[in-house]
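K.L.:
2 protein chains.
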Amino acid sequence: MPSTTRALVLFAHGARAASWAAPFERLREQTAARLPDVRVRLTFLELMEPRLPQAVAALVEEGVNDITVVPVFLGQGGHLLRDLPLLADGIRAAHPGLRLQVAGAIGEDPGVQAAMSDYCVRALG
Amino acid sequence: MPSTTRALVLFAHGARAASWAAPFERLREQTAARLPDVRVRLTFLELMEPRLPQAVAALVEEGVNDITVVPVFLGQGGHLLRDLPLLADGIRAAHPGLRLQVAGAIGEDPGVQAAMSDYCVRALG
Chain V
1 MPSTTRALVL
11 FAHGARAASW
21 AAPFERLREQ
31 TAARLPDVRV
41 RLTFLELMEP
51 RLPQAVAALV
61 EEGVNDITVV
71 PVFLGQGGHL
81 LRDLPLLADG
91 IRAAHPGLRL
101 QVAGAIGEDP
111 GVQAAMSDYC
121 VRALG
Chain L
126 MPSTTRALVL
136 FAHGARAASW
146 AAPFERLREQ
156 TAARLPDVRV
166 RLTFLELMEP
176 RLPQAVAALV
186 EEGVNDITVV
196 PVFLGQGGHL
206 LRDLPLLADG
216 IRAAHPGLRL
226 QVAGAIGEDP
236 GVQAAMSDYC
246 VRALG
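Going down the list, the protein sequences come from chains V and L. Numbering-wise (our numbering), the first sequence opens with residue 1 and increments by one. Numbering-wise (our numbering), the second sequence opens with residue 126 and increments by one.
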């Protein structure tokens, strides 16, 4: 049985302002610290680098054969309903030996929803 | 001393796909259930209704004089650095008796960050 080398790839939108990426970088660092045996990368749909297909190609080059993509988006709009499936199809076609899974939008998770609600209540002071 | 009537206004980006708004609606409902004495509204920057200035005008009409805006954005890009301050200035000018506070982006909150990291770890299976 071939061994499995895993990676977790955060997939975010990207923005013009460099400051925008800060919480995504922190999320990557925080998550990587909890997963010492897994490569954790931050990638973007547009406006920022690296893009998802290039980051995946680099991971495959490093010997990764099992990738979980987590969309760091609050809601499921056109980017997750249309753009990400197209990217995933292209990645699977380019890397036939790779197992690629795509999780649901992070903002739909009940734990994230509860934490966001906590923040709203605290914001009222 | 005049009495205070408060509202919490969630401010999200908006999208073309109606499905996108679902987690924001749930966040509004979940938060409203915890704040029975506060009006909780969901508003959008673009593509969806209601927009922030119109929702605030309706709240002021109802007698609200203290509003906290929570940006339901993951990062602080141009929409929060530029668009939201301009909207807030316009709202303050239009409603001189209103106290309007703007919180930081929900995605920058350490509790939300921790919940997002938990989701990433769980997504690996």
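Using N, Cα and C, we set each Cβ at its ideal position, and we do this for glycine too.
1) Let me know if Asp109(V) comes out buried or exposed under the rule of 16 or more other beta-carbons within 10 Å of its beta-carbon.
2) With 8 Å set as the bound, which would you pick, yes or no: does the beta-carbon of Val38(V) sit closer than that to a beta-carbon of chain L?
3) Mind checking who Pro132(V) pairs with in its DSSP beta bridge?
4) I'd like the span of the alpha helix (DSSP H) that includes Gln155(L), first residue to last.
5) Nearest CA to the CA of Glu150(L): which residue from Leu27(V), Ala105(V), Gln113(V) and Glu46(V)?
6) Let me check understanding here. Comparing Cα to Cα, which of Arg99(V), Asn65(V), Ala17(V) and Ala21(V) lies closest to Leu199(L)?
7) For Ser128(L) and chain V, any beta-carbon pair shorter than 8 Å?
8) Give a yes or no on whether the minimum CB-CB distance between Met173(L) and chain V is below 8 Å.
9) Tell me whether Ala218(L) is buried or exposed, calling it buried when 16 or more other Cβ atoms sit within 10 Å of its Cβ.
10) Below 7 Å between beta carbons is the criterion; list the residues of the region 199-226 of chain L that meet it against any residue of chain V, in chain order.
11) Strictly under 8 Å for the Cβ-Cβ distance: is Ala123(V) near chain L by that measure?
12) Taking all protein chains shown into account, decide if Ser128(L) is buried (16 or more other Cβ within 10 angstroms of its Cβ) or exposed.
13) For Leu251(L), which residues in the same chain have their Cβ closer than 8 Å to its Cβ, ignoring the five residues on either side in sequence?
P.N.:
In short:
1) Numbered from 1 along the first sequence, position 109 holds the residue referred to as residue 109(V). Burial call: buried.
2) In the first sequence, residue 38(V) corresponds to position 38, counting from 1. Closer than 8 Å: yes.
3) Any answer about residue 132(V) is impossible in this case: the structure gives chain V only from 1 up to 125.
4) As a working note, residue 155(L) is residue 30 in the second sequence. Segment Ala147 to Arg159, the alpha helix (DSSP H) holding Gln155(L).
5) As a working mapping, residue 150(L) is identified with position 25 in the second sequence. The candidate whose alpha carbon is nearest that of Glu150(L) is Gln113(V).
6) By one-based count along the second sequence, residue 199(L) stands at place 74. Comparing Cα-Cα distances from Leu199(L) to each of Arg99(V), Asn65(V), Ala17(V) and Ala21(V), the minimum goes to Ala21(V).
7) Position 3 of the second sequence, counting from 1, holds the residue named residue 128(L). For Ser128(L), the answer is no, since every Cβ of chain V falls outside 8 Å of its Cβ.
8) Within the second sequence, numbered from 1, the residue matching residue 173(L) stands at position 48. With its beta carbon at least 8 Å from every one in chain V, Met173(L) lies outside the interface.
9) The residue given as residue 218(L) occupies position 93 in the second sequence. By the neighbour-count rule (16 or more Cβ atoms within 10 Å), Ala218(L) is not buried but exposed.
10) Here the close residues are Leu199, Gly200, Gln201, Gly202, Gly203 and Leu206.
11) On the first sequence, position 123 is the one that residue 123(V) refers to. Taking Cβ atoms only, chain L reaches closer than 8 Å to Ala123(V), which makes this a yes.
12) The residue given as residue 128(L) occupies position 3 in the second sequence. Ser128(L) should be labelled exposed.
13) The question about residue 251(L) has no answer here: the residues shown for chain L are numbered 126 through 250.
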